[in-house]
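S.K.:
Residue numbers (the working numbering): 1025 to 1194.
Right, here's the structure in full:
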């Protein structure tokens, strides 16, 4: 089942790249909390993939001495990162097996149609003892926003369209 039009998501992310800095503090907070998990392990990582990079995770990983490749569905969003970067779809990853010992997907997996399939591809891109760190909104996130938008639109237009995408039930 295809819930999201990946071409539309790419266009939206390309357009959003110009203003993503306005939510940089939120993205950085999530990224820092996610990367704090690296402090819980004795493992040192050498090669990471920053999936869904918005110019936040890659610099934090590089500051830890981790060589990082950033990938995003949208070329303009990918370009917010220092090289090496590429535009790549999480549903069709172009990486060879065992390319990375660390994959970080910070608030980027909730737009994929096939989450289990994307996770399988990420596992294949990881070395056998690699680590995946991921964060994404789960079912119930934004429920108040969703209800408020629906109520406001219904009052103004006599009906409502979904304005907040569905999130996975974890």
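Ideal placement from N, C-alpha and C gives every residue a C-beta, glycine not left out. None of the values given here were measured: they were computed from a predicted structure.
1) Quickly, what does DSSP pair residue 1124 with across the bridge? List them, please.
2) Residues in the same chain with beta-carbon distance under 8 angstroms from residue 1097, minus the five sequence neighbours each way, listed in chain order, please.
3) So for residue 1074, helix, strand or coil by DSSP?
4) Residue 1092: buried (16+ other C-beta within 10 angstroms of its C-beta) or exposed?
5) Expressed to the nearest angstrom, what Euclidean distance is found between the alpha-carbon atoms of residue 1028 and residue 1160?
6) Are residue 1081 and residue 1127 closer than 8 angstroms when you measure CB to CB?
7) So for residue 1060, helix, strand or coil by DSSP?
8) Output the boundary residues of the alpha helix (DSSP H) element that contains residue 1081.
9) Could you tell me which of 1041, 1071 and 1043 sits nearest to residue 1154, measuring between CA atoms?
10) Exposed or buried, residue 1175, counting other C-beta atoms within 10 Å across all chains shown (16 or more means buried)?
11) In terms of residues, what are the limits of the alpha helix (DSSP H) holding residue 1038?
12) If we call anything under 8 angstroms between Cβ atoms a contact, is residue 1100 one with residue 1109?
13) Identify whether residue 1109 lies in helix, strand or coil by the three-state DSSP scheme.
14) Tell whether a beta-carbon distance below 8 angstroms holds between residue 1069 and residue 1090.
15) Look at the Cβ atom of residue 1149, then the Cβ atom of residue 1123, and state whether they are nearer than 8 angstroms.
16) Starting from residue 1102, trace the alpha helix (DSSP H) in both directions and tell me its first and last residue.
M.R.: Short version:
1) In the chain shown, the residue the question calls residue 1124 occupies position 100. DSSP lists 1150 as the bridge partner or partners of residue 1124.
2) Here the question's residue 1097 lines up with position 73 in the chain shown. Around residue 1097: 1030, 1033, 1034, 1037, 1076, 1111, 1112, 1113, 1114 and 1135.
3) Taking the first residue of the chain shown as position 1, residue 1074 is located at position 50. Reduced to three states, the DSSP call for residue 1074 is strand.
4) By one-based count along the chain shown, residue 1092 stands at place 68. Buried is the call here.
5) Against the chain shown, residue 1028 aligns to sequence position 4. Against the chain shown, residue 1160 aligns to sequence position 136. Going from the Cα of residue 1028 to the Cα of residue 1160 covers about 16 angstroms.
6) Reading the chain shown from its first residue, position 57 is the one you call residue 1081. Reading the chain shown from its first residue, position 103 is the one you call residue 1127. Not in contact: residue 1081 and residue 1127 (Cβ atoms no closer than 8 angstroms).
7) Translated into the one-based positions of the chain shown, residue 1060 becomes position 36. Judged by DSSP in its simplified three-state form, residue 1060 adopts helix.
8) The residue given as residue 1081 occupies position 57 in the chain shown. Boundaries of the alpha helix (DSSP H) around residue 1081: 1081-1087.
9) Here residue 1154 refers to the residue found at position 130 when the chain shown is read from its first residue. Answer by Cα proximity: 1071.
10) Here residue 1175 refers to the residue found at position 151 of the chain shown. Residue 1175 is exposed by the Cβ-count criterion.
11) As a first step, residue 1038 must be located in the chain shown, where it is residue number 14. Note, residue 1038: alpha helix (DSSP H), 1030-1040.
12) As a working note, residue 1100 is residue 76 in the chain shown. As a working note, residue 1109 is residue 85 in the chain shown. Against a cut-off of 8 angstroms, the Cβ pair of residue 1109 and residue 1100 comes out as no contact.
13) Within the chain shown, numbered from 1, the residue matching residue 1109 stands at position 85. It is a strand residue.
14) Looking up residue 1069 in the chain shown gives position 45. Looking up residue 1090 in the chain shown gives position 66. Result yes, Cβ atoms of residue 1069 and residue 1090 sit closer than 8 angstroms.
15) The residue given as residue 1149 occupies position 125 in the chain shown. The residue given as residue 1123 occupies position 99 in the chain shown. In this structure, residue 1123 lies closer than 8 angstroms to residue 1149 by Cβ.
16) In the chain shown, the residue the question calls residue 1102 occupies position 78. Counting along the chain, the alpha helix (DSSP H) containing residue 1102 begins and ends at 1099-1102.
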